[in-house]
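Numbering (the numbering used here), first residue to last: 191 to 543. Structure record follows, encoded as C-alpha cells.
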Amino acid sequence: MEVLTSILDQRAKRKHSDKIDRIIKQDSKKLWKGCKILLLGSEKSGKSTIVKQMKVMYRNGFSREELLGYRLTIYRNVIESAQAIVNAMQRLGLGPDPVLLANRADADMILDYRIDESPHFTFSQEISLAIHRLWQDSIIPQILAYSSEFDLMDNASYFLSEVLRIGKPDYTPTVADVLFAQRRSVGIVETQFTLGQLSIHMIDIGAVSCDRRKWIHYFEYVTCIMFCAALNEYDQVLEGGQNRMSESLVHYESVANSRWFRRMSVILCFTKFDLFKHKIPKVPLEDYFPEYTEGPHVYKAARFILSKFIEVSGGMKVHPHFIQASHVVDILPIYGSIKDAILRNALHDAGIF
C-alpha cells in the first residue's frame, strides 16, 4: 500500500511539473515579451543609481551629451557638500585650522558661491582651489564624525576629493561621476531597456509624498515591485525628527499591505551597504533599535534590518539584496530576481501558485 501511495505521489508531482512546463512553453512569448517594474523608496535611497546602472549595463551607457547634462548637477553636489561642511563647522563650534588662516577666507567664499543655471557654466579655478584647500584641512575628519547630525550627501567625499578635476574648464563627467551624482527625482520617470529576451519598463516614482492618483494606474499591469532602502540611514532623522529607517519601513509596510500588491513579488534592495559597513562599528545600531542585541557585527545587523522588513511583508514574495548600487557586480543578481518574479506571475495567472 505504501509503495502504491508513493507511486501515486510521484505521478502527481510529475503531472504538476509537466503542467508548469506546458504553461511556460505555451505562454513563452507573452511571458518574456516584457514586464513593468515599479521602483519605490524614500528620497536618497539609491533608486536613481540603480536605474543609471541598468542604463550602463543594458542600454549602451551614456552619450557625451548625456554626460554633459549631468555637469550642473555635479557642480551642485560639490558646492552643496562644501557648504554643508562649512555650516556644520559653525554650528558645532569647530572651524578651520587657525594656523591656516586662508581657510577662513575659503570658507566665506564657499558659503557665498552661487551656481549659474546656464548649461555653459563651469566652476571657477578660485572656488575649486578653495574647496580643495578646505577639504585638506585637518579638522575635516572630526567634522565627518558628526555627519549624521547634518545634511551631508552620502557621496560628498567622492566629489570633494575630485574637485580639482571637476573644476577644470573642459570638464566632462565620467560614468562614475554620473553614478555618484545625486539629484532629486521629479514626477514619474520610465526607463526602458532589454535584459536578454526581456523588455523591461522600470517606472521610478519620484517621491514618497507625491500624489498617489498620479501613479496608481501603473499598478494594474506591474510585474513586480523594486523597493530601495538605504541601510546607512538607521541613525539619521528627517526634518520632523522621525528616524529615516523607521520612515522607510513605514512606507514599505504600506506598499506590502496594499490591495494592489497582493501575492506580488518584491525585490527588496538594501542600498549603501559599503557606508553601512563602515558605520556599524562606530554608531551602534542598538542605540536606535534597542531590540537589536548582536553588537557591531555587520552581517548580523543587516539581517536584523531585513527581518524588520520581512515582518511587515504580508503575503509578498521577497527577494532581498544587499548592494552598493554604484557597483555593477552588486546589480547583476537582481536580474535573476526579475526573471523569478515574471515566472511566478505566469504560474499565478495559471492557478498554480
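Don't be surprised by glycine CBs; every beta carbon is placed ideally from N, CA and C. Quantities reported herein were computed from a predicted structural model and do not represent experimental measurements.
Backbone secondary structure at residue i - three-state DSSP
i: I329; result: coil
i: T384; result: strand
i: L231; result: Looking at the sequence provided, one finds Gly at residue 231 rather than Leu. Three-state result, G231: strand.
i: H391; result: strand
i: I214; result: For I214, the pLDDT reaches just 45, beneath the cut-off of 50, and the residue's location in the model is therefore unreliable, leaving the point undetermined.
i: A420; result: strand
i: T461; result: strand
i: F479; result: coil
i: N293; result: helix
i: F494; result: helix
i: I378; result: strand
i: K242; result: helix
i: M470; result: The sequence given here places Ile at residue 470; Met does not occur at that position. Three-state DSSP puts I470 in coil, outside helix and strand.
i: N345; result: coil
i: S547; result: Given that the chain is displayed from residue 191 to residue 543, the structure contains no residue 547 and the question cannot be resolved.
i: H583; result: Any property of residue 583 remains undetermined from this structure, which presents the chain solely from 191 to 543.
i: V427; result: strand
i: I305; result: coil
i: S337; result: helix
i: D516; result: The residue you asked about is not Asp; residue 516 is Ser in the sequence shown. The answer is coil: DSSP assigns S516 none of H, G, I, E or B.
i: S455; result: strand
i: K226; result: strand
i: N447; result: coil
i: H511; result: strand
i: N250; result: coil
Burial state of residue i, where buried means 16 or more other Cβ atoms lie within 10 Å
i: F311; result: exposed
i: P363; result: buried
i: G236; result: buried
i: G431; result: exposed
i: N250; result: exposed
i: I378; result: exposed
i: E423; result: buried
i: A295; result: exposed
i: S337; result: buried
i: D477; result: exposed
i: D360; result: exposed
i: Q326; result: exposed
i: K469; result: buried
i: R434; result: buried
Minimum C-alpha distance to residue i - residue among the options
i: Y248; options: H487, S338, Q382; result: Q382
i: D425; options: A335, E255, D302, P309; result: A335
i: I524; options: E255, L350, C418, S308; result: C418
i: K234; options: V427, H468, Y482, L350; result: V427
i: E307; options: G396, E443, V365, Y265; result: Y265
i: K245; options: P471, A366, R281; result: A366
i: Q280; options: F252, I269, A297; result: A297
i: M299; options: R323, R254, P309; result: R323
i: A278; options: I330, L229, N293, R254; result: I330
i: E429; options: E484, E339, S389; result: E339
i: E255; options: N293, I269, C225, P309; result: P309
i: E270; options: F349, E437, C225; result: F349
i: C225; options: E380, E437, S347, K498; result: E380
Supposed close pair residue i, residue j - CB separation, criterion 8 angstroms
i: L439; j: H509; result: The Cβ separation is near 18 angstroms, so there is no contact.
i: F370; j: S516; result: 6 angstroms
i: I305; j: L262; result: 7 angstroms
i: V445; j: Q243; result: No, V445 and Q243 are not in contact; Cβ-Cβ is about 22 angstroms, not under 8 angstroms.
i: Q372; j: N267; result: 6 angstroms
i: L301; j: Q332; result: Wrong, their Cβ atoms sit about 19 angstroms apart, outside the cutoff.
i: M392; j: V276; result: Rounded, the Cβ-Cβ distance is 37 angstroms, inconsistent with contact.
i: D394; j: S375; result: 6 angstroms
i: S238; j: H441; result: Not confirmed; about 17 angstroms, so no contact.
i: E443; j: V488; result: Going by Cβ atoms, the distance from E443 to V488 rounds to 25 angstroms, so no, they are not a contact pair.
i: L282; j: V412; result: Contact doesn't hold; Cβ gap of about 45 angstroms is too wide.
Contacts around residue i, its chain only, beta-carbon distance under 8 angstroms, and the 5 residues preceding and following it disregarded
i: A492; result: L421, F460, F463, F466, F512
i: D341; result: A274
i: K490; result: E484
Contact set for residue i: own chain, Cβ-Cβ below 7 angstroms, skip 5 residues either direction
i: F451; result: I415, V445, M506
i: I549; result: Residue 549 is absent from the structure shown; the chain starts at 191 and stops at 543.
i: Q315; result: G357
i: L257; result: T362, P363, V368
i: L522; result: none
i: G504; result: A446, N447
Cut-off 6 angstroms between Cβ atoms - residues of its own chain near residue i, not counting five sequence neighbours on either side
i: Y260; result: P363, V368, A371
i: G357; result: F313, S318
i: I321; result: A272, V353
i: S455; result: C414, K507, A531, R534
i: Y482; result: L475, E476, F494
i: P486; result: I470, P471
i: F479; result: none
i: L496; result: P510
i: Q514; result: F463, D464, D520
Test: residue i CB closer than 7 angstroms to a CB of chain B
i: A272; result: Here there is only one protein chain, and chain B is not present.
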